[in-house]
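Position 148 of the sequence shown, counted from 1, bears residue number 438 in the numbering used here, the numbering being contiguous throughout.
From the three backbone atoms N, C-alpha and C, an ideal C-beta is built for every residue, glycine too.
Have a look at the structure below, then the notes.
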Amino acid sequence: MSTSGSSQMQFGRYYEEFEVGATYKHWPGKTVTEYDDHLFCLLTMNHHPLHLDAHYAAENTDFGKNVVVGNYVYSLLLGMSVPDVSGKAIANLEVSSLKHVAPTFHGDTVYGETTVLDKTESRSKDDRGIVHVETIGYKQDSTVVCVFRRKVMVPKRSHAEARGGEQPGRPEPVRR
């Protein structure tokens, strides 16, 4: 039951809403802290001193300081893109390329944007399609740090309608 004046935030897009050439600028950006970087490294068991040992990085690298682990930057950008790109996804099908272009350091703020490269209707099911996108991540000074391309299977509106609408399974509050 919808109440007058209520609204829903869009989360992801249906196949019909994607236009080849459209660019979605993800907001907000994220300032990467030392804690973020170290926690991600520890959770993923990447113990390379370039990411975790400030003394090592200062004395033995061209950068002179810790570099944020690239897979964190990629994961951050992927997450930033969900509300604009894959929030309604049926499946993430592939990442066809991933390039780390420049380093990210503790204290840098990462921003992202995604461009629709192509879209193809499914050959096996008429209620979905595949969207091919490229996401770029860049820092506060506009330096591009990461670029990746992926394909996402997304539903058409008919898919959602057949399964209960925009937020299937969401309960309504019971006021007492």
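How big is the Cα-Cα spacing for residue i and residue j?
{"i": "H338", "j": "D326", "result": "15 Å"}
{"i": "V357", "j": "R303", "result": "34 Å"}
{"i": "F308", "j": "A347", "result": "43 Å"}
{"i": "D416", "j": "F301", "result": "22 Å"}
{"i": "T323", "j": "G397", "result": "6 Å"}
{"i": "F395", "j": "G454", "result": "44 Å"}
{"i": "V442", "j": "T404", "result": "13 Å"}
Residue range of the beta strand (DSSP E) that residue i falls in?
{"i": "V443", "result": "Just to set this straight, residue 443 is Met in the shown sequence, not Val. Note, M443: beta strand (DSSP E), V434 to P445."}
{"i": "Y401", "result": "T399 to E411"}
{"i": "H422", "result": "R418 to K429"}
{"i": "N350", "result": "Per DSSP, N350 belongs to no beta strand (DSSP E); it is in the alpha helix (DSSP H), A344 to N350."}
With distances taken from CA atoms, which of the options is nearest residue i?
{"i": "G427", "options": "C331, F353, D343 and L388", "result": "L388"}
{"i": "Y362", "options": "F353, V400, K355 and V375", "result": "V400"}
{"i": "V437", "options": "E411, G454 and S371", "result": "S371"}
{"i": "N382", "options": "R413, G402 and R439", "result": "R439"}
{"i": "H328", "options": "G354, H341, R413 and F353", "result": "H341"}
{"i": "V444", "options": "H345, Y364, S432 and P373", "result": "P373"}
{"i": "Q430", "options": "C331, G402 and T410", "result": "G402"}
Whose C-beta lies closer than 8 Å to the C-beta of residue i among residues of the same chain, with five residues either side of it excluded?
{"i": "D408", "result": "V310, V421 and H422"}
{"i": "A450", "result": "Y304, K378, E456 and P458"}
{"i": "Y434", "result": "A small correction: the amino acid at residue 434 is Val; Tyr does not occupy that position in the sequence shown. So the list reads V391, A392, I426, G427 and Y428, once near-sequence residues are dropped."}
Ordered along the chain, which non-local residues of its own chain (more than five positions away) have a Cβ less than 7 Å from that of residue i?
{"i": "N336", "result": "V359"}
{"i": "S292", "result": "With a pLDDT of 45 at S292, under the threshold of 50, the modelled position of that residue is not reliable, and the figure given next carries that caveat. Contacts found: none."}
{"i": "V406", "result": "F308, E309, V310, G311, A312, V421 and V423"}
With respect to the alpha helix (DSSP H) encompassing residue i, which residues constitute its N-terminal and C-terminal limits?
{"i": "V372", "result": "It is not in any alpha helix (DSSP H) - V372 carries neither H nor E in the DSSP assignment."}
{"i": "H328", "result": "E324 to L333"}
My assumption, with CB atoms under 8 Å, is that residue i sits in contact with residue j. Please give the rounded CB distance.
{"i": "K320", "j": "L366", "result": "6 Å"}
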